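My numbering applies: residue 283 is where the sequence shown begins, and numbers increase by one. Note that beta-carbon positions come from the ideal geometry of N, C-alpha and C, so glycine has one too. Since this is a predicted model, take the numbers as computed values, not measurements. Structure first, commentary second.
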Amino acid sequence: MKYAVLLLFFVSTLSCKNKTETQSKQTPENSLVSQSNSPYPEAISKILEAHGGLTNWNIYQTLCFTIEKGEESDEVHTIDLKNRRDHIDIGMVTMGFNGSEAWLQDPEGTYKGNPEFYHNLMFYFYAMPFVLADPGIIYEKTEALVVSDTSYPGLKISFEENTGSSANDEYYLYYDAETYQMRWLGYTATFGAAEKRTGINYINYGDWMPVQDLILPKSISWYAVEEGKPTVPHNTVNFKEPSLSPEARAETFYSKNSQIESDL
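Structure below.
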């Protein structure tokens, strides 16, 4: 798969968290503090509102989107937003997460990636910035990112202990100072590494589209990095046919036997 190598070391620490967890009240002294009744810092609240608002996001149970793959089979992703089960169709290949483990149906043995890594990675990229409102997150101000003479204010995202599979991962959200729309995501990843990685990878979020009452990505682009700053795009992922529904799919849809059952 074209994106598997690129994404292998990006492991979403958000993906393994139980949605019923509560946010800890213990935060570092330099953490941002909400200025209202919101459990989120003011900047995060404004970013979420700029994309349609967390209240609207929480209405929905099921998210679907398709990733264009050119000459290869498109990827159709379906996610249960409440329990984070997922199901991906890639031609004859099907994979997903049933709530406890990742699975793969590959009758012809053509899939070269790792479903345990891949099954939810594109969902977390696509569902920005809303997944950054998940439980167990610590927000801190960070130095602005300057790209082409434009300065983007930033927030550092880290995680409470025992949150997800790699709580030492760090993410950096950069946003438009006027509109508060998200513009860049920086990330390091530690999963599978003996030591914490220091280099930051950058994804540009400059192409948005309305989906129901929310604003979600139309495309995202990974950038080459020189001297710690993003320079030119080197890989773009295009999304199409997005949909949101307040209704849940049947639990069996997210099971390994879902494709087999549908063929009977």
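Between K538 and the rest of its own chain, which residues show a CB-CB distance below 6 Å, the 5 nearest in sequence each way excluded? The residues are W385.
Looking at the structure shown, is T534 part of a helix, part of a strand, or coil, going by DSSP? helix
Which one of Q463, Y400, A426 and E508 has the shortest CA to CA distance from P492? Q463
Please classify A506 as buried or exposed, where buried requires at least 16 neighbouring CB atoms within 10 angstroms. Around the C-beta of A506, fewer than 16 other C-beta atoms lie within 10 Å, and the residue is accordingly described as exposed.
Can you tell me where the alpha helix (DSSP H) holding P397 begins and where it ends? P397 to Y400
Does the Cβ-Cβ distance between E442 and G418 come in under 7 Å? yes
Tell me whether L363 sits in a helix, a strand or coil according to DSSP, three-state version. coil
Please work out which residues of its chain come closer than 7 Å, Cβ to Cβ, to G334, disregarding the five sequence neighbours upstream and downstream, and give them in chain order. D495, L496 and I497
Cα-Cα separation between F535 and H369, rounded to whole angstroms: 7 Å
Does DSSP put S327 in a helix, in a strand, or in coil? helix
What residues are listed by DSSP as bridge partners for W339? According to DSSP, residue pairing for W339 in a beta bridge does not occur.
Neighbourhood of T424 by C-beta distance below 7 Å, restricted to the same chain and skipping five residues each side: G436, L437, K438 and Y454
Give the straight-line distance between the Cα atoms of G474 and N483, rounded to the nearest whole angstrom. Residue placement at G474 is poorly supported in this model, since its pLDDT is 46, which falls under 50; the coordinates still yield a value, given next. One C-alpha to the other measures close to 17 Å.
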